[in-house]
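> Numbering (full-length UniProt numbering), first residue to last: 1 to 947.
Got a structure for you, written out below as structure tokens; questions coming shortly.
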Amino acid sequence: MLLLLLRFHRPPPSVRPSVSPPPAPSTTITQQNKNILCGFCGRFGETEWLFRIGFCRPRLMMKMFGVGRRLVQQLMTLVGIDANDAAEVPSQTKDGKDGMGFVAKLGKAIALTATAGFALQSALSPALGARLASPSGGNWHEGTGTENANQNQQKFVPTIGENVRPITFNELHANANANAFPFGHRSANVAKMVEMRKTIMAPFAPFSEHSKRKLSTNSAAAAEEANGTKAGTAIDPREYPQAPRGKVADNYNGIEVPDPYRALENPDANATRQFVRQLNQISQPFLEASPLRPKMNQTLTNMWNYAEFFKPSFHGDLFYYYRNNGLQSQSVLYQSNSMDEPGKVFLDPNTLSKDGTTAVTMESFSKDGTVFAYGISEKGSDAVTVKFKQSKGEELPDQIADVRFSGLSWLSDGTGLFYSKYLKQSETEEFNFHSLFFHKMGTDSEKDILVVQGRNQSDLLIYGGVSSDGRFLFVSFGGNTNDQMFYCDLPADNNQITGPLKLKPLFDQFDADYEMVDSDEHSALIFTNKDAPMYKLIRVNLEGSTAQKPQEVIKEDRKRRMRFAYPVNKDKLLVCYMDNVKDALFVHDLNSGKMLYQIALSFGSVIMDSTISSNNNFFASKFSSHVFFKTESSISPFTIFHADFAQFGDQPIQLEVFRQAKVPGLDTDAFAEEQVFYASKDGTMVPMFIAHRKDMKLTGDNPVLLTGYGGFGDSMLPFFSSADAMFMQHLGGVVATANIRGGGEYGEKWHEQGMLDKKQNVFDDFIAAAEYLINKQYTNSSKLAISGASNGGLLTAVCSQQRPDLFGAVITQYGVLDMLRFNKFTVGATWESEFGDPENATDFSYIYKYSPLQQLSITPGQQWPATLLTAADHDDRVVPAHTLKYTAQLYHLLRTQAESWQRNPVLAKIRVDQGHEIVGTPTAKLIDELVDFYSFLQRVLGLQWTD
């Protein structure tokens, strides 16, 4: 298994609930009945009025036989004149005449309307005439229960007498298919009525244009009140931008699948840039309109403003650590003579760019600690330029460009290192030939030696690592799950590395995950799930021409998963297990594997990820007696622990606190974190962590943020977020993290139950988590928010489609949304082992069933949940085309099929000069992004602030 940096990053928690369907009377327009033509305005089925009387929203015809004042008011509404806004009437019409002539025109229209009314009365059935004259407008009643509930049937019961039979929507549909209007009023009269409408409307065309925006706003506000959309948040689908639609289609094993927005895959096309601008022009004003935005921005900035430390470590005789004073764009690397001294700045990434978007994303010290290799990424790109610096501070001239998805592994004498890059690469196209190179220090990187050429398989990545004794080079080929591993003897002189190295197989079947832990001159210690879903450690003898049969050093524990193992202090092995998603640390003998003792952890999870993405917050080395590791939870910020094995000999080590976070304005004692287990659709018990204030009451009305990931064997362990803390402390929120299948919480079997053709289990688990939170009175569907990033974005998009009624808000960040073309972009093909190959007939059959882009559809009358989609314009891992195409298609459907009832906001925010998730993102931008996040939730959930 390659480094976790090759996979999707774990997403930060997010989001929010969904709106229930609009109350009766509701508009249920299906593909079948949307072709009913309004007899007055000539438009197709727009609102419930069409189904009641054959006419749409303009109520002039419905009330034309009523009182004159009511008629005038409705006619003015119809033509775009607001009686309360005389000041807004234009002084001149388009033809240059006095605009105040609208009074005379209105009188003429009223006269025409009366004439038209008497003409229509003879054309319509008696029942319809009585309906038009009825001041009460009739009553709506739910069906008897015998109709199909999925058709949302209702009955209209006119208040005009007992002899009028109620009609159902099915009858209306049937009449529409027979080219007939309800109540027997025939389509033969349509032409007359359309002409009549033109005659009546003609004098008022200038005023209709003048008031178009006002009418749109008024109707949106009315729809908000009707369907439960939070006040002030409704957006009329007609306001959403339209991207140009094409006629592109792909054929998958005889099935033609349209891809009308293929052009949006080109990020540099003018149409794409324009669409991005239009999206942000809608989303940004909406997000900035939150009345709590200034308060949230100030509070989050204050809570973020605390010193944080990363990856303390010893290299040679010097001590290094990363520190961020709280609001710096990038963390700074410090160098010190001892761990008790603050030391001096060794490398400050903040000086590498004016806007703070250049970040250190990989690093490696030479074995003696004299040279530091570091990779810098600009604007969040996965492409890295590797530079070199001596421990004395001098920058070396060596540079290596376009390194991607790589480790940096030094020869033991520090004269060169191995790294990985593609032979061919661009920002959007599919990558191939990920290969291993050798760089000799002091030479031009253009002369670097290709030592292992990658294969013409875009789903394979290569990684090279030198053994701790410097004798062997271990080479892994893999994607995101199973690997191949080879090795070769390294020459004593790097001048002998002149071309491709001769590899010998270690594990060559792609049958499991294999990771190097340690090696000596005779053997290699391997971390693997081969015949051990919960992982184990094996040792392989390297003597002879081929590797010998492996021996188990630490057997699989079937009740808890082994997370990692590190050699330390020459002959010890530090092993971390995950027991029901809770960490436990043990010390073993490196040679025999015997467990010596357990290290007690006071709280939280051992954190492996950090802002220095290719490294971690866990330092242990075979050549050092020191160990550092960080723990945190969803309610407790980080604590870095330290221990020195040399001080304790064979006795159990005692941990000491090296650094501990102090978050301004946060009382951690006021919060509680609990772990619960709930049943998924198939009965599988799934764990979930829930954090909240201790004084929270189970009222069923608390705002909840539910997040998940469910992929690539990555575990969702609780971690601290200042933004989540603000949500809990000031907005009364609850934070839930679901450990759904597809992750690695219970080993490889847990992962396998959520990949390939079993991906639906992931969505079922997440939906069941939402239902649990509702059933246990934490919240209700209108206060339940979901969020996910990257693979987690796929999760939230699918769940919002499968259960739109369950969520009040959905935030999908950097989501993988076009599952039929994910493997066509950059490194996407490496995910085929997780998702499958869309071009394979078997894989296509299950991928297509859940692919968010292809499964977009509108349920008649069902509000689409309030949704915020985000992407980054420089994301070269999950390219922004996923979000752009999804948004364009969703907008198209909302405009054409849900114009009359959809009012929940559906927004897309495209981040500029930013890459995948938080990699390389300056702190100020991170805070701004989180403020956007919570501004959206505040508006659509109606969140209230408490100090």
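In this text, a Cβ means the ideal position worked out from N, Cα and C, and glycines have one as well.
These numbers were taken from a predicted model, which means no experiment stands behind them.
Does DSSP put Ala670 in a helix, a strand or coil?
Looking at Ala670 - three-state DSSP - the assignment turns out to be helix.
> Judging by CA-CA distance, which residue of Phe629, Phe648, Gln598 is the nearest neighbour of Thr639?
Checking every option, the nearest Cα to that of Thr639 belongs to Phe629.
> Counting pairs of Cβ atoms below 8 Å between the stretch 804-812 and the stretch 854-868, do you hit three or more?
Yes: at least three Cβ pairs fall under 8 Å.
> Hey, out of Pro860, Asp579, Gly499, Ser787, whose CA is closest to Leu937's CA?
Taking only the C-alpha atoms, the option nearest Leu937 is Ser787.
> Just mark Tyr577 as buried or exposed, buried being the case when its beta carbon has 16 or more other beta carbons within 10 Å.
Tyr577 is buried by the Cβ-count criterion.
> Take Ser381 as the anchor and find which of Ser364, Val403, Lys582 has the nearest alpha-carbon.
That would be Val403, whose Cα lies nearest to the Cα of Ser381.
> Exposed or buried, what is Gly442 when buried is set at 16 or more other beta-carbons lying within 10 Å of its beta-carbon?
Result: exposed.
> Could you pull the DSSP bridge partners for Val906 from this structure?
Answer by DSSP bridge pairing, in chain order: Thr867.
> Which residue's Cα is closest to the Cα of Val798: Gln855, Val248, Pro550?
The shortest C-alpha separation from Val798 is found at Gln855.
> When DSSP labels each residue in this structure, what does Arg561 get in the three-state scheme?
Residue state, collapsed to three classes: strand.
> Might you give, ordered along the chain, the residues of its own chain that have their beta carbon closer than 6 Å to the beta carbon of Asp448, omitting 5 neighbours on each side?
The residues are Phe437, His439.
> If you follow the beta strand (DSSP E) that Glu363 is in, where does it begin and where does it stop?
Residues 358-365.
> Count Cβ pairs between the stretch 922-941 and the stretch 883-903 that sit closer than 8 Å; are there 3 or more?
No, they do not touch.
> To the nearest angstrom, how far is the alpha carbon of Gln390 from that of Asp413?
Looking at the two C-alpha atoms, the distance is approximately 14 Å.
> Please name the residue in Tyr334, Asp682, Asp765, Phe510 whose C-alpha comes closest to that of Gln484.
If we check each option's Cα against that of Gln484, Phe510 comes out closest.
> With a threshold of 7 Å on Cβ separation, who are the neighbours of Arg877 within its own chain once the five nearest residues in sequence on each side are excluded?
Excluding residues within five positions, the ones whose Cβ falls inside 7 Å are Asp382, Thr826, Val827, His916.
> Using C-beta distances below 6 Å, list every residue in its chain close to Gly407, excluding the 5 sequence neighbours before and after it, in chain order.
For Gly407, where only same-chain residues beyond five positions count, the Cβ hits under 6 Å are Tyr463.
> Let me make sure I understand the geometry here. Which of Ser782, Ala768, Lys783, Gly815 has the alpha-carbon closest to that of Ser790?
Considering only alpha carbons, the answer is Gly815.
> Are the CB atoms of Phe618 and Val606 within a distance shorter than 8 Å?
Contact flag set, yes.
> Could you give the residue range of the alpha helix (DSSP H) that holds Gln288?
A quick correction: the sequence has Glu, not Gln, at residue 288. Note, Glu288: alpha helix (DSSP H), 270-288.
> Is the distance from the Cβ of Ser568 to the Cβ of Phe586 below 8 Å?
Residue 568 is actually Val in this sequence, not Ser. Cβ distance not < 8 Å, so Val568 and Phe586 don't count as in contact.
> If you check the beta carbons only, do Leu784 and Leu806 fall under 8 Å apart?
Yes, these two residues count as a Cβ contact at 8 Å.
> Going by CA-CA distance only, name the one from Leu525, Leu450, Ile538 that's closest to Gly499.
That would be Leu450, whose Cα lies nearest to the Cα of Gly499.
> Under 8 Å by Cβ, that's how I've got Leu573 and Ala584 pegged, so tell me the actual separation to the nearest angstrom.
Incorrect: roughly 15 Å between the Cβ atoms, too far for contact.
> Would you check if there are 3 or more beta carbon pairs closer than 8 Å linking the stretch 698-712 to the stretch 332-346?
Contact fails: fewer than three Cβ-Cβ distances are below 8 Å.
> Does the Cβ-Cβ distance between Asp250 and Asp259 come in under 8 Å?
Contact: yes.
> Give me the Cα-Cα distance between Asp348 and Arg558, rounded to the nearest whole angstrom.
Approximately 45 Å between the Cα atoms of the pair.
> Leu542 to Ser523, Cα distance in whole Å?
The straight-line gap from Cα to Cα measures roughly 5 Å.
> Going by DSSP in three states, Trp410 sits in which element: helix, strand or coil?
In this structure, Trp410 counts as strand in the three-state DSSP scheme.
> Using only the alpha-carbon positions, how far apart do Val686 and Tyr535 sit?
Rounded to whole angstroms, Val686 to Tyr535 spans 20 Å at the Cα level.
> Contact defined as beta carbons within less than 8 Å: I believe Glu899 pairs with Arg238. What is the distance between those atoms, to the nearest angstrom?
About 6 Å separates the two Cβ atoms, so the contact holds.
> Once DSSP output is grouped into helix, strand and coil, what is the label at Tyr261?
Coil, per DSSP.
> Using the beta-carbon count (16 or more within 10 Å), is Val386 buried or exposed?
By the 10 Å Cβ count, Val386 comes out buried.
> Tell me which residue opens and which closes the beta strand (DSSP E) that Asp402 is part of.
Element bounds for Asp402: 395-403.
> With a Cβ-Cβ cutoff of 8 Å, do Gln714 and Gly743 count as a contact?
The question names Gln, but residue 714 in the sequence shown is Asp. Cβ distance < 8 Å, so Asp714 and Gly743 count as in contact.
> Quick check on DSSP: helix, strand or coil for Phe844?
The answer is helix: DSSP assigns Phe844 an H, G or I state.
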